[in-house]
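> Take a look at the following structure, please.
Residue numbers (the working numbering), protein chains in the order written: chain D, 1041 to 1349; chain L, 374 to 679.
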C-alpha cells in the first residue's frame, strides 16, 4: 500500500515534468502536440545508451537527453509549425508512432540493467523510493520555477499572444514561427529530461512503454489541471497517476481491467472540454502590478514583512 | 521486362490499398470541409466498423457454408456495420462535438482525441487486444494474366470502394441534400439563413463519413486483420491521403488515397525500406506535401482573413 503511494509520487513527478513541457507547448502557445511519448522515449534511450554503453554518469546524460529531444522537436517543428495547428497534431501523432517504430526495429527488447545514478557517492536504487522521490521532486520544483519565470518573460508573453490570436500577434511584430518553434523545442527538451529520470528509476528501457497512451496521459494531465497553469498541471499529474494506479491501491486488479483507466482518461478529455475547458484550477490570472517573477515575489514578501515591523 | 511486370504488380496492389485509403479519407475531408476540424475518432470508427462486421458475419455464417450464403452474409454484415457506424458517428457528433462548435479551436480536437481513446480502449476491453483474422467470403486463389496476379478479394475491394465513391459523388452533386452539404461547407451562416438545417447537414456528414469508414474498415481487415488499435495507423494514413488530395475536397480525397496507396506500394520496395518502417513512407509524404503544397492537389489556397 505505502509502496504504491510512493510509486505514485515518483511517477507523478515524472509526469509532472512531462506535463510542464506539454503545458509550454499546448497551454502557453496553444499548439496541440501528440508526441510527448516520443520525446520521453528519446530521453530514456539517450540516458540508457550513455550510461550503459559508454559508462557516462547519469548527470551528464541529462542535458544530452534534453538536447536530443529538443533537436528532434526542432526537426519536426520547422516544417509543420509554419502551418495551421491542425496539421501539427497529425504530424506529431505520426512522429510519436515512428519514434517507437524505429526503437522497436532496432531492438524490440530494449536495454536492461542500466547502471544506477549516483550523487556524492550515494546510489539511487529502485528499492529506496524515498531518495528517488526527493530527487525527482527537486527537479520538478526547479522546472516549475523556471517555467513560471518563463511565462512572465518576453518569450512567455509572446507565446501567450500567439495562443490568443496568431494574426494579431503577427501584426504586433511577433515572429510567430520563431516563438512557436522555441516553445516546441523547450517543451520537447523537458520531455527528454523526464525520460532520463524514468530510465534512472526503472533501469530498463523498452519500446513498448512509449505508446500513444503516454502522450494522451500527459495531455490529459495538462487539460485536467488547467492549460497554461503550472501549479494546476502538477495537481493534474497527481490525479492522473492516482487513477492509473487505482486498481493496485485498492486491490481490485482482477475486477477492473486496465482499459477502464484509459477509458477514464478519454472521458476526462471530453468532459473537461465540454464543461470546464479551463481545467480544475483555471488559468493563472494576475492583475496589473502583481508580482510576477520569482524576484518580484521575493521583493513583495520582503516589503510586506518590512511594513509589519 | 521482369522488373516491369513486378512494378505493375506493385501498382495493382497499391491501387487496391489506395481505394481503401480513399474511402476513409472521404470521412476526414467531408467533416473538415464543413466543420474545419480533424475528426480524430474517425480511425477508431473504422475499427468499430470492422469489429461489428466481423461479429455479424460470423454470427450469420453459423454452420452453413454454402458459397452463395457466405457472400450474402458478407454483404449483410457490411450493411449492418455501415448503419450502426453511421448511428455511432451521429451520436459522437451530438455528444462530444456539437457543444464545442463555438469553443476555441483546440477544444473539439482534444474532445476528439478523448473519443478516440474511449472507442479503442472500449474495444480492447470487450474483444481483447489480440488480432483476429477476417475470413474471406470466397475462395481467394489469385488470378494471373500477363504475369500480374490479382486476388478476388482485391477485386472485391476495388469494386466495393469504387461503387461507394460513385454513389457518394452522385449524392453530393445531384441530390438536394448534397447541394445543402456543399452550401454548408462553403459558408455556414449564409446557408443557415437560406433555410438549410445546418445541424442536420452536419449530422448527415458524420453519418456518411462513418458509414464509409465502416466499409473501409471491413475491407482493410482482409489485409491487416482486426484489432483494437488498427484505426490509429490506417486512420493516420487516410488523413495523409486527404491532405495530399487537398483537405476539404471530395474528389481530392479519392485521388489522394489512390496516390498514397501506389506511392506506398511502389516506394517501399524501390527505396529498399524494411517492412517494419513501411509506415514511415506515408509520414514522409505528408511532410513533403505540407512543405511544397500545403493546400494539396485539388485544394484551394485560402487566404486567412482577419
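Heads up, the beta-carbon is just placed ideally off N, CA and C, and yes, glycines get one too.
Spatial neighbours of residue 679 (chain L) within its chain, please: CB distance less than 8 Å, with the 5 preceding and 5 following residues excluded, ordered by chain position.
Working through the second chain from its first residue, we reach residue 679 (chain L) at position 306. Residue confidence is low: residue 679 (chain L) scores 48 on pLDDT, short of 50, so the model does not pin down where it sits. No coordinate-derived value is stated.
> Report yes or no: is there a C-beta of chain D within less than 8 Å of the C-beta of residue 410 (chain L)?
Locating residue 410 (chain L) in the second chain gives position 37, where the first residue counts as 1. So yes, residue 410 (chain L) belongs to the interface.
> Just list the residues that DSSP pairs residue 507 (chain L) with in beta bridges.
Translated into the one-based positions of the second chain, residue 507 (chain L) becomes position 134. Answer by DSSP bridge pairing: none, since residue 507 (chain L) is not bridged.
> With C-beta atoms as the reference, is residue 1198 (chain D) less than 8 Å away from residue 1057 (chain D)?
Numbered from its first residue, the first chain carries residue 1198 (chain D) at position 158. Numbered from its first residue, the first chain carries residue 1057 (chain D) at position 17. Result no, Cβ atoms of residue 1198 (chain D) and residue 1057 (chain D) do not sit closer than 8 Å.
> Quick one: which chain L residues come within Cβ less than 7 Å of residue 1120 (chain D)?
Position 80 of the first chain, counted from the start, is the residue given in the question as residue 1120 (chain D). Chain L residues near residue 1120 (chain D): 663.
> Provide the residue(s) that pair with residue 522 (chain L) in DSSP beta bridges, ordered along the chain.
Counting from 1 along the second chain, the entry for residue 522 (chain L) is found at position 149. The partner list for residue 522 (chain L) (beta bridge, DSSP) reads L:517.
> Who are the Cβ neighbours of residue 493 (chain L) in its own chain at under 7 Å, not counting the five residues just before and after it?
By one-based count along the second chain, residue 493 (chain L) stands at place 120. Excluding positions up to five away in sequence, the list reads 417, 420, 601, 602, 604.
> I need the DSSP call for residue 571 (chain L), collapsed to helix, strand or coil.
Working through the second chain from its first residue, we reach residue 571 (chain L) at position 198. The answer is helix: DSSP assigns residue 571 (chain L) an H, G or I state.
> Residues in its own chain within less than 7 Å of residue 473 (chain L) by CB, not counting five upstream and five downstream?
Here residue 473 (chain L) refers to the residue found at position 100 of the second chain. Excluding positions up to five away in sequence, the list reads 480, 481, 484.
> Spell out the partners DSSP gives residue 1130 (chain D) in its beta bridges.
In the first chain, the residue the question calls residue 1130 (chain D) occupies position 90. The partner list for residue 1130 (chain D) (beta bridge, DSSP) is empty, contrary to what the question assumes.
> What's the gap between the Cα of residue 660 (chain L) and the Cα of residue 1112 (chain D)?
Along the second chain, one-based indexing puts residue 660 (chain L) at 287. Along the first chain, one-based indexing puts residue 1112 (chain D) at 72. Rounded to whole angstroms, residue 660 (chain L) to residue 1112 (chain D) spans 14 Å at the Cα level.
> Residues in the segment 1132 to 1164 of chain D with C-beta within 8 Å of chain L's C-beta atoms, listed in sequence order?
Correct list: 1133, 1134, 1135, 1137, 1138, 1141, 1142, 1144, 1145.
> Run down chain L in chain order and give the residues with a C-beta less than 8 Å from the C-beta of residue 1317 (chain D).
What you label residue 1317 (chain D) is simply residue 277 of the first chain in a count that begins at 1. Within 8 Å Cβ-Cβ: 476, 477, 480.
> So residue 1303 (chain D) contacts chain L; which residues on that side make the cut at Cβ distance below 8 Å?
Working through the first chain from its first residue, we reach residue 1303 (chain D) at position 263. Near residue 1303 (chain D) (Cβ distances below 8 Å), the residues of chain L are 490, 491, 494, 495, 498.
> Sort out for me which residues DSSP pairs residue 485 (chain L) with in a bridge.
Within the second chain, numbered from 1, the residue matching residue 485 (chain L) stands at position 112. Note: residue 485 (chain L) sits in no beta bridge, so no partner.
> Taking contact to mean 3 or more Cβ pairs, one atom from each stretch, closer than 8 Å, check whether the segment 389 to 399 of chain L and the segment 530 to 548 of chain L are in contact.
A contact exists between the segment 389 to 399 of chain L and the segment 530 to 548 of chain L.
> Rounded to a whole number of angstroms, what is the C-alpha to C-alpha distance between residue 1044 (chain D) and residue 1289 (chain D)?
Within the first chain, numbered from 1, the residue matching residue 1044 (chain D) stands at position 4. Within the first chain, numbered from 1, the residue matching residue 1289 (chain D) stands at position 249. Near 6 Å, if we compare the C-alpha coordinates of residue 1289 (chain D) and residue 1044 (chain D).
> According to DSSP, is residue 476 (chain L) helix, strand or coil?
Translated into positions along the second chain, residue 476 (chain L) becomes position 103. If DSSP states are grouped into helix, strand and coil, residue 476 (chain L) belongs with coil.
> Using 8 Å for Cβ pairs, my map puts residue 1064 (chain D) next to residue 1226 (chain D). What's the rounded Cβ distance?
Looking up residue 1064 (chain D) in the first chain gives position 24. Looking up residue 1226 (chain D) in the first chain gives position 186. 5 Å between Cβ atoms; contact.
> Can you name the residues of chain D whose CB is closer than 8 Å to the CB of residue 672 (chain L)?
Here residue 672 (chain L) is taken as the residue at index 299 of the second chain, counted from 1. Simply none; closest approach about 12 Å.
> At what residue ranges does the segment 1080 to 1120 of chain D contain a whole run of the alpha helix (DSSP H), taking only runs of 4 or more?
Those alpha helix (DSSP H) runs which fall completely within the segment 1080 to 1120 of chain D and span 4+ residues are 1098 to 1120.
> Short check: CB of residue 646 (chain L) to CB of residue 633 (chain L), under 8 Å?
Numbered from its first residue, the second chain carries residue 646 (chain L) at position 273. Numbered from its first residue, the second chain carries residue 633 (chain L) at position 260. Not closer than 8 Å, so no.
> Helix, strand or coil: how does DSSP classify residue 586 (chain L) here?
Walking along the second chain from the start, residue 586 (chain L) turns up at place 213. In the structure shown, residue 586 (chain L) sits in a helix (DSSP, three-state: H, G or I).
> Determine the chain L residues that contact residue 1075 (chain D) at a beta-carbon separation under 7 Å, and present them in chain order.
As a position in the first chain, residue 1075 (chain D) is number 35, starting the count at 1. None at all; the shortest Cβ gap to chain L is about 12 Å.
> Would DSSP call residue 1216 (chain D) helix, strand or coil?
Sequence index remark: in the first chain, residue 1216 (chain D) carries index 176 (1-based). It is helical.
> List, in order along the chain, the chain L residues whose C-beta lies closer than 7 Å to that of residue 1070 (chain D)?
Taking the first chain and counting its residues from 1, the one referred to as residue 1070 (chain D) is at position 30. What residue 1070 (chain D) touches in chain L: 479.
> Expressed to the nearest angstrom, what Euclidean distance is found between the alpha-carbon atoms of residue 382 (chain L) and residue 406 (chain L)?
Walking along the second chain from the start, residue 382 (chain L) turns up at place 9. Walking along the second chain from the start, residue 406 (chain L) turns up at place 33. Each residue's Cα considered, the two are about 35 Å apart.
> Count the other C-beta atoms from every protein chain shown that fall within 10 angstroms of the C-beta of residue 1183 (chain D), then say buried if there are 16 or more, exposed otherwise.
Locating residue 1183 (chain D) in the first chain gives position 143, where the first residue counts as 1. Under this definition residue 1183 (chain D) is a buried residue.
> Tell me which residue opens and which closes the alpha helix (DSSP H) that residue 642 (chain L) is part of.
In the second chain, the residue the question calls residue 642 (chain L) occupies position 269. Run containing residue 642 (chain L): 623 to 643, per the alpha helix (DSSP H) assignment.
> I need the DSSP call for residue 1295 (chain D), collapsed to helix, strand or coil.
Here residue 1295 (chain D) refers to the residue found at position 255 when the first chain is read from its first residue. Residue 1295 (chain D) falls in the coil class under three-state DSSP.
> Would you say residue 1314 (chain D) reaches chain L, if we count a Cβ-Cβ gap shorter than 8 Å as a contact?
Against the first chain, residue 1314 (chain D) aligns to sequence position 274. Answer yes: the Cβ-Cβ gap between residue 1314 (chain D) and chain L drops below 8 Å somewhere.
> Rounding to the nearest angstrom, what Cα-Cα distance links residue 1270 (chain D) and residue 445 (chain L) in this structure?
Residue numbering aside, residue 1270 (chain D) sits at position 230 when the first chain is read from its first letter. Residue numbering aside, residue 445 (chain L) sits at position 72 when the second chain is read from its first letter. One C-alpha to the other measures close to 58 Å.
> Please list, in chain order, the residues of the segment 1268 to 1299 of chain D that have any C-beta partner in chain L closer than 8 Å.
Residues 1297, 1299.
> With a threshold of 8 Å between beta carbons, is residue 1169 (chain D) in contact with chain L?
As a first step, residue 1169 (chain D) must be located in the first chain, where it is residue number 129. No, because no Cβ of chain L sits closer than 8 Å to the Cβ of residue 1169 (chain D).
> DSSP three-state label for residue 1060 (chain D), please.
The residue labelled residue 1060 (chain D) in the question sits at position 20 within the first chain. Residue 1060 (chain D) falls in the helix class under three-state DSSP.
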